[in-house]
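Residue numbers (the numbering used here): 82 to 432. Yeah, the Cβ is synthetic: ideal placement off N, Cα and C, and Gly gets one too. Keep in mind it's a predicted model, so treat the numbers as computed, not measured. Comments concern the structure below.
In structure tokens, the structure reads:
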């Protein structure tokens, strides 16, 4: 029935369903008990809804919402143009799912990337965040530009400026200045002094070390020791052409034309050999001091090469292996390679 105003003019029927929380039946005009009970049990006032407040999603007169609720604790990865972008949502503490993107694997309950970099000594936590923001960090071949990526530090391959960051704390990398007369072996059946004697305490403490390549007993200088088999194999494999630099004192006065001859190559009994770089440093009283670099690893190759061109070696010292230099290390001394040196070694052999 239409309601009338005070002056007697007909008025529009007013829907009081919003006021009393129910809905009137079209035939009886009575409010639905079901709707009334729903309104009472909800314990909520609809005043806010009438004044423009949020209405119940999918209620009467409204289109059903197509928006899916965001589950708390979920993480999202959006791979675009080779860059990994993550939101700042925190993954669930015990979430074990892995998210994959373009060949890289990210572990939702792993360690945050900036924390891993800080623990590895690359930079402080804030410095690591700046490296990430600048696009200088890669994980499994993908550039990461957003903070908060969680990884498994034991399996992820992390690089900063193209150099690999080694996270495995069980790996050891040492630089030894091998003295003259010591053999490049970890033990010697004849009781002769050997490299194993110099690292005996480390071996007894449980470190399994082996030398990368070898120097003959009469040659001094840089020898690397590690328990990283993959790196050691690549450093020794001729296909990676890791350069090695030597200082050689030879008998005889060398002229500068020798450098051109050595760069062209000299034929030895087991094949030709050529140097990558050569420098004549000093000539004094019938002896000459040379510096030469080559990537050959054949037995006694430097001594045989110089003897072939008429300048037998008096003293030979290896000073460099790839990016690692002997520096001012005393004979018999060892030092632990730093993160930058290890990363440079990995980069040099494609790891």
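Is it right to say residue i is buried, meaning 16 or more other beta carbons lie within 10 angstroms of its own, or is it exposed?
i           : result
residue 367 : exposed
residue 395 : exposed
residue 251 : exposed
residue 271 : exposed
residue 249 : exposed
residue 32  : Since the first residue shown for the chain is 82 and the last is 432, residue 32 is missing from the structure and cannot be characterised.
residue 205 : exposed
residue 219 : buried
residue 315 : buried
residue 399 : buried
residue 188 : buried
Alpha carbons only, please: which of the options is nearest the one belonging to residue i?
i           : options               : result
residue 212 : 336, 380, 198 and 353 : 198
residue 230 : 259, 192, 206 and 207 : 192
residue 351 : 325, 374, 385 and 369 : 385
residue 214 : 228, 223 and 313      : 228
residue 429 : 408, 376, 380 and 409 : 376
residue 431 : 327, 326, 318 and 397 : 318
residue 259 : 342, 401 and 344      : 401
With a threshold of 8 angstroms on Cβ separation, who are the neighbours of residue i within its own chain once the five nearest residues in sequence on each side are excluded?
i           : result
residue 203 : 209, 212, 241, 246 and 420
residue 290 : 253, 255, 267, 280, 283, 284, 306, 307 and 308
residue 353 : 346 and 347
residue 337 : 361
Could you check whether residue j and residue i sit closer than 8 angstroms to each other, using their CB atoms as the reference points?
i           : j           : result
residue 371 : residue 361 : yes
residue 244 : residue 403 : no
residue 304 : residue 323 : no
residue 347 : residue 383 : no
residue 358 : residue 373 : yes
residue 301 : residue 412 : yes
residue 257 : residue 415 : yes
residue 387 : residue 329 : yes
residue 356 : residue 341 : no
Would you tell me roughly how many angstroms separate the C-alpha atoms of residue i and residue j, rounded to the nearest one?
i           : j           : result
residue 278 : residue 195 : 40 angstroms
residue 293 : residue 262 : 18 angstroms
residue 331 : residue 234 : 49 angstroms
residue 232 : residue 239 : 10 angstroms
residue 409 : residue 380 : 26 angstroms
residue 378 : residue 273 : 24 angstroms
residue 299 : residue 269 : 16 angstroms
residue 326 : residue 200 : 33 angstroms
residue 320 : residue 427 : 15 angstroms
residue 422 : residue 288 : 20 angstroms
For residue i, which residues of its own chain have a beta-carbon under 6 angstroms away from its beta-carbon, when the five flanking residues on both sides are left out?
i           : result
residue 333 : 392
Apart from the five residues just before and just after residue i, which ones in its own chain have a Cβ nearer than 7 angstroms to its Cβ?
i           : result
residue 237 : 220 and 221
residue 364 : 334 and 335
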